[in-house]
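Read through the structure below, which is laid out as structure tokens, and then see the notes.
In the working numbering, the protein residues as written are 6 to 135.
Here's what the structure looks like:
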């Protein structure tokens with residue numbers, strides 16, 4: 006059985022701010038602190054956290070949804086890509102971000118905390134300083 010989880014987080018910016026920051030190399034780098042090469046085009050590759058993470062854009066719905074294949078240097082070569090879905094819902098005074106991470110290789114449970122520590126905490130700081 007593959008690993009999977011869902012995280013919900015609130016940010017005090019609009020969905021469009023998060024959507025565009027996620028898919029822009031400079032903004033993604035600034036909001037996480039790790040070098041990123043991103044694209045806002047379906048079927049194009051991305052990498053993040055100095056090459057630790059990489060994948061491909063599968064589906065993009067402007068200001069609403071980002072679906073990407075996702076893997077790290079910790080995946081074995083034979084492991085299938087995992088999938089990350091980011092849903093952005095406008096709520097009072099900001100955005101609820103729902104992150105679903107599925108098809109993670111069995112036993113690799115560290116990513117849930119990794120998202121919180123290496124994405125959501127720095128993103129809160131980044132967006133509060135805009």
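From the three backbone atoms N, C-alpha and C, an ideal C-beta is built for every residue, glycine too. Please read these numbers as outputs of a predicted model, since none were measured by experiment.
Where residue 120 is concerned, the enclosing alpha helix (DSSP H) starts and stops at 116–120. With respect to the 9 Å criterion, residue 60 and residue 37 are not classified as neighbours on the basis of their beta carbons. The three-state reading of DSSP puts residue 71 in strand, counting E and B together. In this structure, the straight-line span from the alpha carbon of residue 100 to that of residue 122 is close to 19 Å. The residue from 94, 86, 103 with its alpha-carbon nearest to that of residue 7 is 86.
The way I'd put it, the segment 33–47 doesn't touch the segment 99–116; fewer than three beta-carbon pairs between them come closer than 8 Å.
By the criterion of a C-beta distance shorter than 7 Å, residue 124 is surrounded in its chain by 37, once the five residues flanking it on both sides are discounted. Fully contained in the segment 16–78 are the following alpha helix (DSSP H) runs of length 4 or more, in chain order: 20–28, 30–37. DSSP, read as helix, strand or coil, puts residue 108 in strand. It is roughly 20 Å from the alpha-carbon of residue 66 to the alpha-carbon of residue 12.
Between residue 62 and residue 49, the CB-CB gap stays under 9 Å. The Cβ neighbour count for residue 96, taken over all protein chains shown within 10 Å, is under 16; the residue is labelled exposed.
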